[in-house]
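Protein chains: 4
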Amino acid sequence: MLNLDFHPSGRHFLQIPGPSPVPDRILRAMSLPTIDHRGPEFGALGRELLDKVKRVFKTENPVIIYPASGTGAWEAALSNTLSPGDQVLMFETGHFATLWHKMALRLQLEPEFIGLPGYEGWRHGVQAEMIEARLKEDRDHRIKAVCVVHNETSTGVTSDIAAVRRAIDAAGHPALLLVDTISGLASADYRHDDWGVDVTISGSQKGLMLPPGISFNAVSDKAIEASRHNAMPKSFWAWDEILEANQNGYWPYTPSTNLLYGLNESLDMLLEEGLEHVLARHRRWAAGVRTAVQAWGLEIQCQDPAVYSPVLTGVVMPEGTDADAVRKIIYERFDLSLGTGLGKAKGKMFRIGHLGDCNDLTLIATLGGCEAGMKLAGMELAGSGVCAALEYFATHPLDGGH
Amino acid sequence: MLNLDFHPSGRHFLQIPGPSPVPDRILRAMSLPTIDHRGPEFGALGRELLDKVKRVFKTENPVIIYPASGTGAWEAALSNTLSPGDQVLMFETGHFATLWHKMALRLQLEPEFIGLPGYEGWRHGVQAEMIEARLKEDRDHRIKAVCVVHNETSTGVTSDIAAVRRAIDAAGHPALLLVDTISGLASADYRHDDWGVDVTISGSQKGLMLPPGISFNAVSDKAIEASRHNAMPKSFWAWDEILEANQNGYWPYTPSTNLLYGLNESLDMLLEEGLEHVLARHRRWAAGVRTAVQAWGLEIQCQDPAVYSPVLTGVVMPEGTDADAVRKIIYERFDLSLGTGLGKAKGKMFRIGHLGDCNDLTLIATLGGCEAGMKLAGMELAGSGVCAALEYFATHPLDGGH
Amino acid sequence: MLNLDFHPSGRHFLQIPGPSPVPDRILRAMSLPTIDHRGPEFGALGRELLDKVKRVFKTENPVIIYPASGTGAWEAALSNTLSPGDQVLMFETGHFATLWHKMALRLQLEPEFIGLPGYEGWRHGVQAEMIEARLKEDRDHRIKAVCVVHNETSTGVTSDIAAVRRAIDAAGHPALLLVDTISGLASADYRHDDWGVDVTISGSQKGLMLPPGISFNAVSDKAIEASRHNAMPKSFWAWDEILEANQNGYWPYTPSTNLLYGLNESLDMLLEEGLEHVLARHRRWAAGVRTAVQAWGLEIQCQDPAVYSPVLTGVVMPEGTDADAVRKIIYERFDLSLGTGLGKAKGKMFRIGHLGDCNDLTLIATLGGCEAGMKLAGMELAGSGVCAALEYFATHPLDGGH
Amino acid sequence: MLNLDFHPSGRHFLQIPGPSPVPDRILRAMSLPTIDHRGPEFGALGRELLDKVKRVFKTENPVIIYPASGTGAWEAALSNTLSPGDQVLMFETGHFATLWHKMALRLQLEPEFIGLPGYEGWRHGVQAEMIEARLKEDRDHRIKAVCVVHNETSTGVTSDIAAVRRAIDAAGHPALLLVDTISGLASADYRHDDWGVDVTISGSQKGLMLPPGISFNAVSDKAIEASRHNAMPKSFWAWDEILEANQNGYWPYTPSTNLLYGLNESLDMLLEEGLEHVLARHRRWAAGVRTAVQAWGLEIQCQDPAVYSPVLTGVVMPEGTDADAVRKIIYERFDLSLGTGLGKAKGKMFRIGHLGDCNDLTLIATLGGCEAGMKLAGMELAGSGVCAALEYFATHPLDGGH
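Structural data, given as structure tokens:
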């Protein structure tokens with residue numbers, strides 16, 4: 001049997017912004033025996049799943065489930081709606097926006113990557129007015145899609161998607177709106193239908209609290225229509241056959257049976273608790289964590305309080321401190337994993353994930369590990385973040401108690 | 001918690017030719033906590049896995065692991081080596097060959113689908129001489145790849161891949177050889193390097209005894225070279241970034257962490273037992289099952305004893321008997337899942353999977369369920385297959401006892 | 001991690017008459033985190049459990065649950081109701097009756113062990129008329145208890161407990177009736193209240209489908225009254241403190257928390273299916289297995305068809321055949337565990353368990369292993385038991401199908 | 001499936017002094033299929049277990065394993081070595097000493113219960129000189145055994161057993177020394193042989209990190225000799241038959257198979273880490289927790305620093321504060337279970353368990369929950385215990401890092 005941990009005792013604290021800790025309830029569901037994916041029980045499960053999952057995306061439209069990790073769902077969104085040579089407008093909010101841009105290039109699209117100058121884009125959300133301005137310039141509608149990241153996992157900034165929709169509409173532009181909420185779904189407020197999103201991309205290993213391995217495309221009628229005519233070679237990702245097989249709760253090829261068991265359990269957990277309660281829980285945790293960062297006298301990566309992420313918080317290190325050296329101390333001494341700075345943020349900051357199967361004390365432990373580790377790394381802190389967060393949690397009960 | 005079974009007690013017999021039953025040892029490994037896929041333990045696991053997996057493909061070359069189910073690995077093989085408009089030669093051995101052909105069309109390739117006339121191709125293996133003849137005609141080498149299925153899951157026929165390699169060589173043709181052994185790997189003899197295969201496609205849910213969700217491309221140098229110049233839009237499936245990240249045991253995007261735990265355990269199980277022992281076990285089971293079919297007086301789907309599959313056996317129903325009606329009785333009365341007839345074989349036959357985590361008595365139970373179910377469906381059987389198989393197993397010990 | 005099996009693949013067939021195979025659903029329940037046995041959730045669980053368990057014993061009276069295996073519950077029954085020097089009447093039905101008798105001696109009781117002469121008692125059930133006769137002789141009521149085994153696990157004989165009650169009543173004797181149904185509960189018909197039993201002893205690892213480790217005393221008012229005055233030194237087993245703490249769902253000392261999770265799941269499974277259905281399932285399996293034994297031309301250990309056990313069947317070997325040598329072949333070649341002959345039956349017979357989490361095909365596999373193993377051991381069989389049982393199961397559906 | 005937690009997300013913090021959290025590695029081991037307890041694999045497991053377990057007790061003598069919870073092992077120790085009417089000297093260190101005394105009465109022994117006057121005994125360890133004095137008075141050696149608790153779970157005091165041994169020897173008294181280290185084993189230093197203990201009693205659900213359900217008697221030759229002649233009625237607990245069956249790795253009655261799997265895993269974990277490292281880990285945690293209590297300005301239940309428990313710490317509430325009301329707030333708001341005040345300590349204090357499968361951050365979380373909860377209960381604290389403990393852990397690394 002694998003030994004995945006060099007610490008002699010105790011449970012590892014996995015506080016990266018995904019994969020998030022998988023609850024035992026989900027692990028247990030995933031350990032049910034694999035069944036015939038063409039048998040009657042499977043069809044019943046499939047139909048139930050496909051129905052319940054819509055509620056988490058807040059859509060009445062179909063949600064396609066891929067037996068592939070999140071990056072695949074990006075490719076699915078692009079390859080079903082666009083054709084080689086198509087222009088797409090993408091907004092640089094951070095590392096994941098950058099990777100998606102790179103994928104568009106590989107898929108022979110012509111992405112235009114806009115954003116705030118310098119490193120600013122990595123500390124703010126999508127600037128809808130820049131999109132509006134650019135679309136207005138595009139009088140002959142050569143831009144076929146606008147691609148934005150809802151919750152930028154690399155920075156802890158949650159962009160205002162409704163504003164992007166309004167910008168597109170204000171420009172009177174027919175471009176499709178493609179949104180990545182891989183790390184936002186089921187942790188940050190997200191509304192596929194209300195916000196007029198054409199394709200929403202998500203994954204399993206964040207707010208859904210599953211291991212990585214399945215991913216999603218929630219689609220609009222307009223997106224489906226586009227998929228009927230686009231010229232990108234596609235087969236595995238093609239929506240048409242999946243949507244057809246999904247009518248009966250099946251898939252055109254072997255689905256990830258055991259991860260679907262987990263998804264079913266995850267959806268039950270989220271819907272039993274109530275999605276709004278889940279979101280409130282995340283907002284409160286994020287506020288507590290930011291209270292700690294402020295008590296330490298450190299900067300939060302996101303510089304616009306209106307778009308602080310409820311899912312993760314980027315903690316900026318002072319000039320001259322290597323965030324990864326701090327993370328290493330914290331990992332080795334306190335058995336705590338934090339997110340590394342990615343791309344342009346490398347070494348500048350670390351990321352605290354506060355999503356999914358956590359509670360107040362998990363986060364107190366996490367902040368404790370950060371605080372002690374930063375001190376051990378020689379950093380001077382303005383005050384105790386742990387104490388500040390503890391005070392915050394104590395004085396801000398969620399629904400009268402927990 | 002899901003209830004996946006309407007039978008009040010006892011364990012379901014999943015004897016379809018994949019997904020195969022997942023051993024508890026693997027389910028336990030998969031229940032380990034998800035870790036940071038960018039942390040040091042993950043890198044160590046990744047390196048070990050990527051090394052061990054080669055031994056199962058019998059290759060010294062890299063094996064790429066996708067966080068996607070088997071159909072994705074087909075697409076990966078095609079999209080990394082071919083360009084839209086390329087001709088490919090495919091051989092119709094059954095339903096899965098047909099689906100792969102359909103995928104080639106969707107990917108804007110120009111597949112040519114050859115095979116024996118009528119239904120014959122579904123009862124025999126690849127005819128290497130037909131491939132040789134066709135390649136010889138292709139004097140200007142417009143055919144870029146030959147695609148064949150090693151173990152046709154829909155029929156129980158295991159084609160001779162070494163013969164296909166010899167045919168290509170005899171034709172002096174530079175086409176790549178792409179082979180699907182999704183259901184053959186780790187159950188039927190397979191040799192990526194010795195047989196000169198350029199891309200081997202496989203999946204997790206058959207001989208590797210994992211749930212569905214990860215899949216493989218074993219590659220040759222020639223295939224890698226082709227992937228550097230081909231024009232198919234590709235990103236998720238692209239080998240280059242994966243091979244680069246794999247150097248350190250990582251992946252360019254989130255891998256299926258928990259399925260990789262399972263894969264690690266599966267590889268340990270197979271290598272501890274010894275791959276040749278695993279193959280001998282499957283050959284012996286298949287012989288026992290065929291003994292039963294012959295005792296019943298029924299036809300085996302595969303009409304060429306040289307290519308009987310060690311993984312599954314197709315049992316042909318007499319004229320006028322609907323195989324799916326028989327399967328339904330067996331399922332409802334005996335809690336046993338058998339494989340349905342797919343495509344052209346619909347209703348004509350059912351398939352018994354005898355692979356992976358089975359033993360003699362599992363198969364006796366399976367044959368018992370088949371025998372009783374066929375009788376309940378009104379079929380006249382020539383004799384008792386269960387007794388014949390029991391006799392076969394008793395008198396043909398594997399390595400002196402078990 | 002332990003490796004408990006030297007067979008390279010497939011699941012072991014555990015067909016001993018207990019411990020019986022533990023369903024995954026129960027193993028999953030047992031893997032829930034251990035909680036504070038003094039906390040509020042525990043109390044709620046305890047109250048629910050103590051209530052549900054009564055339904056399986058068919059009693060309105062309390063059922064005491066011990067964090068100890070079944071033998072402990074024997075001692076509990078004796079030590080709560082009897083005093084050193086007390087006479088008890090015990091009936092020799094087999095090995096477990098013998099062990100209970102031995103325990104009575106160790107507890108300084110004065111047991112009288114009656115039964116049929118020679119080996120006969122091991123092939124028949126309790127002879128109620130012998131008990132009646134003996135009690136009638138006991139005019140001054142020195143005998144304080146009658147102790148009988150309901151389902152003799154060593155022989156496959158299920159005695160008629162109602163008849164024993166009638167015998168005691170017919171003798172007008174005040175002796176308590178203590179009954180061991182460790183292997184009968186939830187597999188064979190059992191009625192604590194209707195049959196006027198004073199203490200029923202049972203355990204977890206048989207019809208309840210749990211691992212060994214907890215055990216039971218169902219008690220009558222008369223037994224509780226006796227426990228208030230008896231003089232046996234006792235503390236761990238003492239009913240009084242347990243009954244008091246049970247009022248609130250707790251125990252006076254640490255209970256077996258995780259086994260209680262399993263018990264809760266077991267009770268849900270049994271009650272969801274319906275206890276009568278469970279019993280019918282066992283009766284049908286036993287009939288099928290006996291059909292096989294008869295087809296082999298072998299004797300069943302139990303010589304009185306009225307008391308054939310629905311839980312297990314003892315298969316008598318012909319003169320000169322060592323049952324344990326046969327069992328060894330079956331174990332090594334077919335990964336199948338059968339029960340050994342115990343005590344006086346050593347070497348003469350083996351026992352097939354057909355209880356709990358089984359189904360028709362599990363038993364077909366089991367009978368297949370027996371049949372092939374007996375042949376390998378050189379035995380001549382009259383016919384195929386597997387075929388006979390398969391025919392029986394096919395033609396005797398349980399509730400119209402499964 | 002049971003729902004054991006009313007908190008919507010996150011893992012419960014079980015910081016009572018036992019049952020302690022069960023590591024997943026052990027839960028996985030316990031989920032292995034139950035096997036035949038009379039088969040060859042079981043015997044091999046039994047022999048290995050019985051050998052390894054001695055190393056944790058630090059004895060060369062046999063250790064008896066009961067399929068019963070810890071209280072049973074107390075009874076086993078008494079009933080194997082003593083006879084009704086025997087005098088035993090017991091020392092009142094707290095609630096568990098009191099319960100053991102009560103058991104001795106129920107077993108018809110004549111226990112004498114000595115200790116410091118008033119509540120003092122509950123805040124100090126065993127006073128060996130009082131034992132010595134009492135034994136010296138007992139010139140005709142009517143006292144047959146001295147019974148003491150090593151680690152008093154109700155108070156957090158770890159008595160000096162070597163001193164008790166010296167006291168008995170100094171008195172030249174032949175009394176047996178019986179020691180309860182149910183909550184001390186594998187967390188606090190314990191040496192059965194070196195300290196001359198005759199019977200050591202322990203259980204599974206503390207330092208061994210198992211669920212409750214199995215318990216132990218480590219024995220001396222002198223104790224075994226006593227068991228051959230004592231007159232207590234006993235059967236289930238009798239050492240003789242167990243020791244005999246243990247020779248081959250078996251038990252005379254059905255053992256707790258799956259808990260034994262867990263025990264095997266536990267022993268591997270402890271011995272792989274090294275027992276001295278395990279003990280050092282516990283001492284360090286205890287020191288960190290006491291640092292917190294002192295920072296809060298609260299009293300520690302144990303008033304003698306020489307015998308502070310490494311396993312748990314009793315936190316005394318100020319006059320007028322109901323400890324259970326504080327615990328309830330902490331439980332409901334922070335999903336954290338603490339130990340209640342037992343017996344004479346009811347309402348006066350709560351107990352923090354810091355044993356087994358913990359790490360620094362688990363304890364920081366625990367102290368955070370205590371700190372915030374006490375404030376919410378209106379208590380005035382002198383300072384932040386969380387910060388003090390964090391500082392302690394950061395500046396006191398265990399073996400250079402973790």
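Residue numbers (UniProt numbering), protein chains in the order written: chain A, 1 to 402; chain B, 1 to 402; chain C, 1 to 402; chain D, 1 to 402. Glycine is no exception: its CB is placed at the ideal position from the N, C-alpha and C atoms.
Query                                                                                                                             : Result
Cβ-based neighbour list, residue 82 of chain D, same chain, cut-off 7 angstroms, excluding 5 preceding and 5 following            : 88, 109, 144, 145, 230 and 232
Minimum C-alpha distance to residue 241 of chain A - residue among A/35, A/2 and A/80                                             : A/80
Secondary structure of residue 168 of chain C, DSSP reduced to three states                                                       : helix
Where residue 294 of chain D sits in the DSSP three-state scheme                                                                  : helix
C-beta contact flag for residue 343 of chain D and residue 98 of chain D at 8 angstroms                                           : yes
Three-state secondary structure (DSSP) of residue 63 of chain A                                                                   : strand
Assigned secondary structure, residue 252 of chain B (DSSP; H/G/I helix, E/B strand, else coil)                                   : coil
Cutoff 8 angstroms: residue 302 of chain B Cβ touching any chain C Cβ                                                             : no
Helix, strand or coil at residue 98 of chain A according to DSSP, with G and I counted as helix                                   : helix
Close Cβ partners of residue 115 of chain B (< 6 angstroms) along its chain, the five nearest in sequence each way excluded       : 91, 92 and 121
Rounded distance between the beta-carbons of residue 185 of chain A and residue 56 of chain A, thought under 8 angstroms          : 6 angstroms
Pair within 8 angstroms by beta-carbon distance, residue 256 of chain D and residue 103 of chain C                                : no
Segment contact flag, the region 167-176 of chain A with the region 131-138 of chain A, C-beta cutoff 8 angstroms, min 3 pairs    : yes
Close Cβ partners of residue 210 of chain A (< 7 angstroms) along its chain, the five nearest in sequence each way excluded       : 22, 26, 204, 259, 262, 263 and 266
Members of the region 2-36 of chain A that neighbour chain C once the beta carbon cut-off is set at 8 angstroms                   : 24, 28, 31, 32 and 33
Inter-stretch contact (C-beta, 8 angstroms, three-pair minimum) for the region 66-80 of chain A and the region 311-323 of chain A : no
Contacting positions in the region 92-122 of chain D - beta carbon closer than 9 angstroms to chain C                             : 99, 102, 103, 104, 105, 106, 107, 108 and 109
Three CB pairs or more closer than 8 angstroms across the region 1-19 of chain B and the region 347-361 of chain A                : no
Coarse secondary structure for residue 90 of chain A, derived from DSSP in three states                                           : strand
Entirely enclosed alpha helix (DSSP H) segments - the region 9-63 of chain C, minimum 4 residues                                  : 24-30 and 40-57
Contact set between residue 394 of chain C and chain B, taken where Cβ atoms lie within less than 7 angstroms                     : 372, 375 and 376
Where the alpha helix (DSSP H) through residue 137 of chain A begins and ends                                                     : 128-137
Beta-carbon proximity list for residue 72 of chain D, same chain, < 6 angstroms, skipping 5 on both sides                         : 66 and 215
Same chain only: Cβ atoms within 7 angstroms of residue 74 of chain A, ignoring 5 sequence neighbours per side                    : 100, 103, 180 and 201
Residue nearest to residue 193 of chain B in terms of C-alpha spacing, selected from B/276, B/212, B/221 and B/377                : B/221
Residue environment, residue 247 of chain B, which counts as buried when at least 16 other CB atoms sit within 10 Å               : exposed
Rounded distance between the beta-carbons of residue 19 of chain D and residue 212 of chain D, thought under 8 angstroms          : 6 angstroms
8 angstroms Cβ cutoff, residue 401 of chain B in contact with chain C                                                             : Reliability fails at residue 401 of chain B, whose pLDDT of 43 lies under 50, so the model's placement of it is uncertain and no value is given.
Residue-level contact to chain B via CB, residue 388 of chain C, 8 angstroms cutoff                                               : no
Distance CB(residue 347 of chain C)-CB(residue 323 of chain C) smaller than 8 angstroms                                           : yes
Extent of the continuous beta strand (DSSP E) to which residue 326 of chain A belongs                                             : First-last for residue 326 of chain A: 323-334, but that is the alpha helix (DSSP H), not the beta strand (DSSP E).
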